[in-house]
Amino acid sequence: DRSRIASPGHRAKVMSAEDAALLIAPDTTVGLSGFTASGYPTAVPLALAARIEAEHAAGRPFRLRIWTGASTGPELDGALAKADGIEFRLPYNSDPTCRDKINRGQMEYFDMHLSQVAPAAWQGILGPLDTAIIQVTGVREDGALIPASSVGNNKTWLDRASQVILEVNRWQNPDLLGMHDIYYGAALPPNRVPIPLIRSSDRIGEPCFRCDPDKIVAIVETDRPDRNAGFTTPGADDLAIAGHLLEFLEHEVKKGRLPPSLLPLQSGVGNTANAVLTGLIDAPFDDLTAWTEVIQDGMMALLDSGKLRMASSTALSLSPELSERVNRSMGDYRDRIILRSQEISNHSELIRRLGVIAMNGMIEADIYGNVNSTHVMGSRIQNGIGGSGDFARNAYISIFMSASTAKGGAISTIVPHASHVDHINQDVQVLVTEQGLADLRGLSPKQRARAVIETCAHPTYRPMLADYYARALAGSWGLQTPTLLDEALSWHSRFVRTGSMAFGPGGAG
Ligand code: 0RQ
5 DRSRIASPGH RAKVMSAEDA ALLIAPDTTV GLSGFTASGY PTAVPLALAA
55 RIEAEHAAGR PFRLRIWTGA STGPELDGAL AKADGIEFRL PYNSDPTCRD
105 KINRGQMEYF DMHLSQVAPA AWQGILGPLD TAIIQVTGVR EDGALIPASS
155 VGNNKTWLDR ASQVILEVNR WQNPDLLGMH DIYYGAALPP NRVPIPLIRS
205 SDRIGEPCFR CDPDKIVAIV ETDRPDRNAG FTTPGADDLA IAGHLLEFLE
255 HEVKKGRLPP SLLPLQSGVG NTANAVLTGL IDAPFDDLTA WTEVIQDGMM
305 ALLDSGKLRM ASSTALSLSP ELSERVNRSM GDYRDRIILR SQEISNHSEL
355 IRRLGVIAMN GMIEADIYGN VNSTHVMGSR IQNGIGGSGD FARNAYISIF
405 MSASTAKGGA ISTIVPHASH VDHINQDVQV LVTEQGLADL RGLSPKQRAR
455 AVIETCAHPT YRPMLADYYA RALAGSWGLQ TPTLLDEALS WHSRFVRTGS
505 MAFGPGGAG
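Note that the sequence shown covers residues 5 to 513 in my numbering.
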């Protein structure tokens, strides 16, 4: 079935994934499509991984610099990392093999804000881009490329790369045509102009990517579904967090601080975020909109329920079951979903203008409301900052959420001092755990500490935090943000030494 490639010139470039992989030289930079395990190339990365393994077996070094939109799937990050083919990677990663290599010091990882990847590439600070490997839904007769289920940085990779390899994926529904909005008005300073978008539903670009046909060196045809992990049924903690959050939003509407249809919603990755969105189905809000970077199952359910009028995102990020169902009826969603480049979905100017309500997960928060989204015990990366910084800094209300403990209670996610800070306390306005919701807006550091300890901490750790805070009030060098310097990170070092932040039975540790 060649019907997905309507241009004869493009059809002449169809070849096997193995042949396409031979066009990529060692020690070069490759920009790939993909934002979550949606719309990422699979056949060429798998063939490339096999080639890298063969080269390594023959004693020849072969490593690449890899740029993507955000996390991708096992056939890309997983396969290339297992082949030890990634020298350097940016941005957000959630692949376990990559994570392991990064934490062992065997892979360089530049964890940058997702909105800033494309501008940084244009600025030239990342170096040249040798090859782009981009999954598309089809090629039109005029050579325009129909995007797939994620947009990410594809526009920029296609524009910047010296050579382009396309994967035309027959699994993607051709009805995707018309769902995307690819903005071609971005420029570097001093030539930047306001982005002409005032509502989440505005369209300011084109439905397809442009790409100089002379740069296209190979086209590989594939037929493979997106492969996002499924979601677990929300647990008691997820439901409690969702309950606190919905009560807060209702309260804000009652107080007249939010309109009855709220403001555009952003929701991060993970099960808790998914549970919050599912909870909105039964909440008393109508005519909702979303301005976000991933559309998970909960947001689709909200769309299907009619409560959510439309969603703007850079990617669909659906469980395998829902992904198949949505893919079959893609045309039904074309008027309610807009997929954009990530530099637009996560743009500070637009997030600030629209007044987005940002809801993101966290690793830990300290009593002053500084949030760590990325590092476990200060030094091991979990995933990355992703879009959380883009949204938190510019949101109308910036909310972070997590269960109050992790690893079966051995870790308190509320700590005296964050072991790494991604979001400073000024960018964190509301903290939610299953224990409760702390509205930190307008509070001083000492007022925040009292609210966080009393409202968010787990009962096991609350007395320990209260004790630390009381002693900090008595013994800190300064009293704006009371801190016991020698003790601030002792909870983390105790965990690394003993496997628990709690004191042992004899009070030792
Ligand atoms: O690890 O799977 O090994 O048990 O972190 O934690 O509780 O399942 O929560 O899926 O919501 O993820 C911050 C990682 C939370 C995510 C983070 C361990 C925990 C588990 C996952 P296991 P949960 P979630 C838009 C916004 C940054 C990017 C972002 C994230 C694993 O939300 O990556 O916000 N955010 N992007 O056990 C040690 C702690 C821990 C901990 C959790 N305090 N100490 N381990 N874990 N807290 C989306 C994009 O950017 C694409």
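Note that CB positions come from ideal geometry on N, CA and C, so glycine has one too.
Item	Value
Pair within 8 Å by beta-carbon distance, Phe499 and Met381	yes
Run of the alpha helix (DSSP H) containing Trp495, from where it starts to where it stops	Ser494 to Thr502
Cβ neighbours of Ala124 in the same chain (closer than 8 Å, five flanking residues each side left out)	Met116 and Leu130
Cα-Cα separation, Lys259 to Leu253	10 Å
Residues that DSSP places opposite Phe213 in a beta bridge	Leu149
Contacts around Ser504, its chain only, beta-carbon distance under 6 Å, and the 5 residues preceding and following it disregarded	Ala414
Beta-carbon separation (whole angstroms), Ile348 vs Leu354, contact threshold 8 Å	7 Å
Bounding residues of the alpha helix (DSSP H) (the contiguous stretch that carries Gln346)	Gln346 to Ser349
Own chain, CB closer than 6 Å to Ala442, minus 5 neighbours either side, in chain order	Leu435, Ala455, Val456, Thr459 and Cys460
Nearest candidate by alpha-carbon position, reference Gly89, set Pro217, Ile106, Ala74 and Tyr96	Ile106
Asn195 classed as buried or exposed, judged by whether at least 16 other C-beta atoms fall within 10 angstroms	exposed
C-beta atoms of Ser205 and Thr293 nearer than 8 Å	yes
Inter-residue Cα distance where the pair is Ala246 and Leu320	22 Å
Tyr188, buried or exposed, once every other Cβ within 10 Å from all chains shown has been counted against 16	exposed
Supposed close pair Gln139, Ser37 - CB separation, criterion 8 Å	5 Å
For His547, the nearest candidate out of Ser497, Ser448 and Arg338 (CA to CA)	For residue 547 there is no data in the structure shown, the boundaries of the chain being 5 and 513.
Sequence-distant residues of its chain with Cβ nearer than 7 Å to Asp242 (five each side left out)	Asn275, Thr276 and Ala279
Environment of Gly63 [buried if 16+ CB atoms lie within 10 Å]	exposed
Rounded C-alpha distance that separates Leu343 from Tyr337	11 Å
Thr282 and Glu297 closer than 8 Å at C-beta	no
Alpha carbon of His248 to alpha carbon of Met19, nearest angstrom	54 Å
CA nearest to the CA of Arg329, picked from Thr464, Met304 and Gln346	Met304
Member of Asp286, Gln300 and Asn387 whose CA lies at the smallest distance from the CA of Ser522	Absent from the model: residue 522. The displayed extent of the chain is 5 to 513, so no value can be given.
Same chain, Cβ closer than 7 Å to His351, five either side skipped, listed in chain order	Ser119 and Ile199
Where Ala506 falls, given that 16 or more other Cβ within 10 Å makes a residue buried	buried
Residues bridged to Ala442 [DSSP beta-bridge criterion]	Leu435
Three-way DSSP call (helix, strand, coil) for Asn158 in this model	helix
Beta-carbon proximity check, Gly1 vs Asn429, cutoff 8 Å	Here the chain covers residues 5 to 513 and nothing more, so residue 1 does not appear.
Distance cut-off 7 Å: Leu281 Cβ against heavy atoms of the ligand 0RQ	no
Member of Arg231, Thr236, Pro288 and Pro263 whose CA lies at the smallest distance from the CA of Pro322	Checking the displayed sequence, the identity of residue 322 turns out to be Leu instead of Pro. Nearest C-alpha to Leu322: Arg231.
Met183, DSSP secondary structure in three states	coil
Simplified DSSP assignment, three categories, for Arg384	strand
Spatial neighbours of Glu145 in its chain, beta-carbon cut-off 6 Å, leaving aside the 5 residues before and after	Ala10 and Ser11
Near the ligand 0RQ: Ala410 beta-carbon under 7 Å from a heavy atom	yes
Whole beta strand (DSSP E) elements within the stretch 9-51, 3-residue minimum	33-36
Coil, strand or helix - Leu483 by DSSP	coil
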